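Okay, so here's the structure we're looking at.
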Amino acid sequence: MLEPVRMVKVSVVGPKEYFKQTSEILHRLNLIHVEDYAEEDEYFKVGEPFEEASKLSKFLVTVRSALSLIKTDTYVPQKIFSVKELNEIVDEKVEEIEKVIGEKNSRIRQLEDELRSLDDEERVIHPLKTLKVPPDLLKGFKNIAVFVGLVKDNPFEKISEVTKEFEIFVEPYENEYVVAVYVKKEDANEVFKVLQEFAFRELAVPDVKDFDERLKEIAQRREEIRAEIQKLRAEIEEYERKNLDLMLALEEHLSIELEKSELPLKAATSKYAFIIVGYVPKESFEQFKREVEEKTGRKVIVSEIKDEKWNPPTALKNPKFAKPFELLTTAYGIPKYTEVDPTTVMAVVFPIFFGFMLGDIGYGLILLFLSLWLSKKFLSEGWQALLKVLLYSSISTIVFGFVYGEFFGFELFGHESLFLKLLGEESELARTFAEMHPIVHRLYEAPALLVLTIGIGVTHMSLGYIFGIRNYIKEHGLKHAILEKFNWLLALISIAFIIAGFVVNTVNALPAFHLNAFYVAAIPLIIIWAVLTIIGEGPMFLIEYLTLLSNTISYARLLAVGLASVGFAIAFNYIAFELLWPSGIAGIIAAVIIFAIGHFINLLLGILDPGLQSLRLHYVEHFVKFFEGGGYLYNPFGRRRRYTKED
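Take 16 as the starting number for the sequence shown in our numbering and just add one per residue.
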């Protein structure tokens with residue numbers, strides 16, 4: 016639960032004629048993470064794909080191209096195709112897809128290119144048209160150079176300084192000027208230099224007889240193209256609607272077959288044999304070995320490799336409730352095989368931090384319903400994980416809302432109870448709630464909560480250091496763990512004692528020294544920490560004590576964010592109620608608008624701020640104590656079928 020799945024390094028060795036069968040078996044088992052073979056020698060080389068790989072790749076490109084514009088993440092197939100059935104029809108159906116969809120898509124691309132060309136031509140014609148010069152007079156002279164284009168200002172004065180023998184047409188166009196300048200060819204270079212000073216951009220004059228007529232032709236052709244594209248897309252959509260299950264099944268089937276046929280690219284092969292090296296979960300090794308050897312008549316042998324320099328992949332193994340939080344863990348980094356996986360701890364602590372900060376029944380209920388509703392709309396694996404995190408956080412928010420007695424910033428209990436304001440003192444229900452008190456009142460008990468947040472921080476970071484000690488013992492030995500991790504755990508405990516000394520100033524001092532007992536308890540810890548740190552990391556690292564103190568105080572944000580949220584809510588409620596009671600219909604409408612907008616903004620901040628701050632406390636204050644990352648995820652050779660089934 017707190018560490019990745021234990022792995023075994025294995026080799027799969029057999030005669031080359033059994034390679035294809037072995038590929039089938041390994042893919043179906045979906046257990047071995049295959050390592051690339053890179054150390055070629057005179058006996059073994061990287062293998063070559065099976066002969067069918069080229070054909071499969073071509074077919075797969077065709078099918079994926081046809082599916083590229085279809086959203087299939089949330090699609091539930093109506094029919095599951097068998098492998099045998101697909102093998103019988105794959106050639107025919109891929110050819111059909113190429114003809115029906117491929118050719119139509121190719122035609123659509125041609126038409127879209129033509130549309131872009133028409134748009135470009137139209138963009139040129141519009142400014143040229145303002146010159147009121149016929150198209151045939153804008154180009155095609157033997158002895159005269161013509162410059163047609165856009166400039167930032169009228170270049171007449173500057174051109175006249177270069178030559179007196181020229182003709183110019185200038186018209187304003189949008190924020191620029193469109194010009195046509197006629198000069199002798201011997202003056203062309205000098206005039207062009209002048210035009211460049213005015214940011215001249217040449218316009219290519221199209222071969223047309225009349226600009227207005229050509230614009231009509233462009234408009235007509237554009238409508239024809241759009242109609243044809245619409246017709247082609249309708250035909251494609253109709254085919255896809257009728258054959259989507261088959262197309263998805265073909266894509267999955269071809270992908271799987273291509274993966275199998277390309278396995279030799281990761282294997283070592285000789286003229287007569289092959290070797291595959293990879294990692295298998297330890298708990299599945301015996302099953303893996305038995306299946307491979309039995310199904311090949313023991314022609315292919317599976318052996319465990321004892322390798323001191325091995326670098327296994329990381330297969331995260333967490334309880335079901337913690338699985339969604341793997342998204343947040345892997346966003347920071349992939350744990351190394353030897354490291355603690357913090358996902359389960361994060362799955363418990365993250366929602367608690369979130370609820371501690373937001374802590375409002377009303378906001379929690381909205382987040383709860385929002386997460387449940389969105390989970391029906393966004394079915395991809397990533398979205399489902401994120402929405403599960405939001406669901407757990409919303410439940411925590413509701414629980415802390417009861418602890419604080421808050422509902423959209425209103426107090427549920429005490430003399431300021433919402434029920435008392437709405438129902439009046441004569442209501443028995445209102446009086447009942449008025450006589451009750453919240454477990455914790457955030458505004459009145461902020462100092463106590465501040466101490467609690469510091470205690471939470473010390474506990475959270477201590478757990479990080481304990482994980483770090485475990486990691487260092489496993490990777491570097493006990494000595495390094497004591498000198499580089501245990502020393503900082505002592506420093507953290509000393510900081511906890513110092514802060515406790517500030518808070519609990521009523522503790523009896525030791526008679527001999529007349530000092531606060533917590534301060535005295537911190538002194539030997541600081542001395543031991545300093546000695547261990549100087550030995551293990553050097554005296555420069557003593558300054559990091561202040562960083563650790565800063566990390567500890569950083570947990571006060573758990574209270575600060577919560578107080579800010581409840582402060583906003585109270586302010587919006589106060590304004591809304593002030594407008595509501597003495598006013599007529601206008602006041603009621605204004606109150607409702609302010610209440611709705613205010614709490615909507617506060618809810619958005621309530622999602623972002625607690626979420627980001629909780630992530631920060633995990634990533635910056637907790638993970639850095641033990642999490643180095645740098646691992647890579649376990650990716651077994653195989654796949655779970657969704658649209659196909661094996662015979």
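We put the beta carbon where it would ideally sit given N, CA and C, even for glycine.
The model shown is predicted, which means the values in this text are computed figures rather than measured ones.
### Query
With 16 as the cutoff for other CB atoms within 10 Å, does Pro142 come out buried or exposed?
Position 127 of the sequence shown, counting from 1, holds the residue named residue 142. Its Cβ being crowded by 16 or more others within 10 Å, Pro142 is buried.
### Task
Determine the DSSP secondary structure at Ala160, reduced to helix, strand or coil.
Mapped onto the sequence shown, residue 160 falls at position 145. Strand, per DSSP.
### Message
For Glu1 and Ala81, what's the separation of their Cα atoms in angstroms?
### Response
Examination of residue 1 is not possible in this model, given that the chain is present from 16 through 662 alone.
### Inter-residue Cα distance where the pair is Val546 and Leu540
For the purposes of this step, residue 546 is taken as the residue at position 531 of the sequence shown. For the purposes of this step, residue 540 is taken as the residue at position 525 of the sequence shown. About 10 Å.
### Task
Just mark Phe393 as buried or exposed, buried being the case when its beta carbon has 16 or more other beta carbons within 10 Å.
Position 378 of the sequence shown, counted from the first residue, corresponds to residue 393. Flag for Phe393 reads exposed.
### Task
Identify whether Val20 lies in helix, strand or coil by the three-state DSSP scheme.
Counting from 1 along the sequence shown, the entry for residue 20 is found at position 5. It is coil, neither helix nor strand.
### Message
Let me make sure I understand the geometry here. Which of Leu632, Glu54 and Glu643 has the alpha-carbon closest to that of Ile471?
### Response
What you label residue 471 is simply residue 456 of the sequence shown in a count that begins at 1. Per the Cα distances, Leu632.
### Message
Within the continuous beta strand (DSSP E) that includes Ser318, where are the two ends?
### Response
For this step, residue 318 is matched to residue 303 along the sequence shown. Run containing Ser318: Ile316 to Glu319, per the beta strand (DSSP E) assignment.
### Message
Please list the terminal residues of the continuous alpha helix (DSSP H) segment that includes Ile538.
### Response
Mapped onto the sequence shown, residue 538 falls at position 523. Note, Ile538: alpha helix (DSSP H), Ala532 to Gly551.
### Secondary structure of Val522, DSSP reduced to three states
Working through the sequence shown from its first residue, we reach residue 522 at position 507. In this prediction, Val522 scores a pLDDT of 47, lower than 50, which makes its location untrustworthy; the coordinate-derived value is nonetheless stated afterwards. Three-state DSSP puts Val522 in coil, outside helix and strand.
### Task
Taking only the alpha-carbon atoms, compute the straight-line gap between Ile233 and Asn190 and give it to the nearest angstrom.
Start at 1 with the first residue of the sequence shown, and residue 233 comes out as number 218. Start at 1 with the first residue of the sequence shown, and residue 190 comes out as number 175. Roughly 25 Å separates the two Cα atoms.
### Query
Mapping DSSP to helix, strand and coil, what is His475?
As a working mapping, residue 475 is identified with position 460 in the sequence shown. Looking at His475 - three-state DSSP - the assignment turns out to be helix.
### Message
Quick check: what's the CA-CA separation for Ile609 versus His456?
### Response
Here residue 609 is taken as the residue at index 594 of the sequence shown, counted from 1. Here residue 456 is taken as the residue at index 441 of the sequence shown, counted from 1. In a straight line, the C-alpha of Ile609 is about 26 Å away from that of His456.
### Host alpha helix (DSSP H) of Tyr378 (start-end)
Your numbering for residue 378 matches position 363 in the sequence shown. Unbroken alpha helix (DSSP H) run through Tyr378: Ile376 to Lys392.
### Query
Which ranges would you report for the beta strand (DSSP E) in the segment 150-221 if only whole runs of at least 3 residues count?
159-166, 181-188 and 191-199
#### Entry: Backbone CA spacing between Pro187 and Lys200 [nearest angstrom]
The residue given as residue 187 occupies position 172 in the sequence shown. The residue given as residue 200 occupies position 185 in the sequence shown. Taking the straight line from one Cα to the other gives about 26 Å.
#### Entry: Cβ-based neighbour list, Ile585, same chain, cut-off 6 Å, excluding 5 preceding and 5 following
Translated into the one-based positions of the sequence shown, residue 585 becomes position 570. So the qualifying residues of the chain are Gly424.
#### Entry: Residues near Val109 by beta carbon distance below 6 Å, same chain, minus five either side
Taking the sequence shown and counting its residues from 1, the one referred to as residue 109 is at position 94. Around Val109: Phe74 and Thr77.
### Message
Do Val23 and Lys332 have their beta-carbon atoms positioned less than 7 Å apart in this structure?
### Response
In the sequence shown, counting from the first residue as 1, residue 332 sits at position 317. In the sequence shown, counting from the first residue as 1, residue 23 sits at position 8. Taking 7 Å as the Cβ cut-off, Lys332 and Val23 do not qualify as a contacting pair.
### Query
Under three-state DSSP, which class holds Phe652?
As a working note, residue 652 is residue 637 in the sequence shown. Phe652: coil per DSSP, three-state reduction.
### Query
Cβ of Gly374 within 7 Å of Cβ of Gly626?
On the sequence shown, residue 374 is found 359 positions in, with the first residue counted as 1. On the sequence shown, residue 626 is found 611 positions in, with the first residue counted as 1. Cβ atoms of Gly374 and Gly626: not closer than 7 Å.
### Message
Check this for me: beta carbons of His48 and Thr659, under 7 Å apart or not?
### Response
As a first step, residue 48 is located in the sequence shown; it is residue number 33 there, counting from the start. As a first step, residue 659 is located in the sequence shown; it is residue number 644 there, counting from the start. Contact flag unset, no.
### Query
What whole-angstrom Cβ distance do Ala203 and Val163 have, given they're in contact under 8 Å?
The count along the sequence shown starts at 1 and reaches residue 203 at position 188. The count along the sequence shown starts at 1 and reaches residue 163 at position 148. The Cβ separation is near 13 Å, so there is no contact.
### Task
Look up Val28 in the DSSP assignment and say whether it is helix, strand or coil.
Residue numbering aside, residue 28 sits at position 13 when the sequence shown is read from its first letter. Strand, per DSSP.
### Message
Is it the case that the segment 203-212 contacts the segment 227-242, given that we only count it when at least three CB pairs across the two stretches are under 8 Å?
### Response
no
### Query
CA-CA distance, Trp325 and Phe300?
Counted from its first residue, the sequence shown places residue 325 at position 310. Counted from its first residue, the sequence shown places residue 300 at position 285. Going by the C-alpha atoms only, they are around 17 Å apart.
### Query
Among Phe213, Lys157 and Pro149, which has the Cα closest to the Cα of Asn169?
Working through the sequence shown from its first residue, we reach residue 169 at position 154. The shortest C-alpha separation from Asn169 is found at Phe213.
#### Entry: DSSP bridge partner residues for Lys60 (one or two, in chain order)
For the purposes of this step, residue 60 is taken as residue 45 along the sequence shown, with counting starting at 1. DSSP, once it has assigned bridges, lists Thr284 as partnering Lys60.
### Task
Please state if the CB of Leu594 and the CB of Ala605 are separated by a distance shorter than 7 Å.
Here residue 605 refers to the residue found at position 590 of the sequence shown. Here residue 594 refers to the residue found at position 579 of the sequence shown. Contact: yes.
### Cutoff 6 Å; reference Ile40; Cβ partners in own chain excluding five residues on either side
Here residue 40 refers to the residue found at position 25 when the sequence shown is read from its first residue. For Ile40, where only same-chain residues beyond five positions count, the Cβ hits under 6 Å are Val307 and Lys310.
### Query
Roughly how many whole angstroms lie between the Cα atoms of Ile413 and Pro366?
For the purposes of this step, residue 413 is taken as the residue at position 398 of the sequence shown. For the purposes of this step, residue 366 is taken as the residue at position 351 of the sequence shown. Rounded to whole angstroms, Ile413 to Pro366 spans 11 Å at the Cα level.
### Query
Taking just the CA atoms, how far does Phe181 sit from Lys224?
As a first step, residue 224 must be located in the sequence shown, where it is residue number 209. As a first step, residue 181 must be located in the sequence shown, where it is residue number 166. One C-alpha to the other measures close to 25 Å.
### Task
Specify, as a first and last residue, the run of the alpha helix (DSSP H) that Tyr347 falls within.
Position 332 of the sequence shown holds residue 347. Taken as a continuous stretch (DSSP letters only), the alpha helix (DSSP H) holding Tyr347 covers Glu341 to Tyr347.
### Query
Which parts of the segment 560-608 are runs of the beta strand (DSSP E), unbroken and 3 residues or longer, counting only runs that do not cross its ends?
none
### Query
Is the CB-CB distance between Val295 and Val25 below 7 Å?
For the purposes of this step, residue 295 is taken as residue 280 along the sequence shown, with counting starting at 1. For the purposes of this step, residue 25 is taken as residue 10 along the sequence shown, with counting starting at 1. A contact, by the Cβ cut-off of 7 Å.
### Task
Out of Ile349, Gln93 and Gly483, state which residue places its alpha-carbon closest to the alpha-carbon of Leu498.
What you label residue 498 is simply residue 483 of the sequence shown in a count that begins at 1. Residue Gly483 is the option with its Cα nearest to Leu498.
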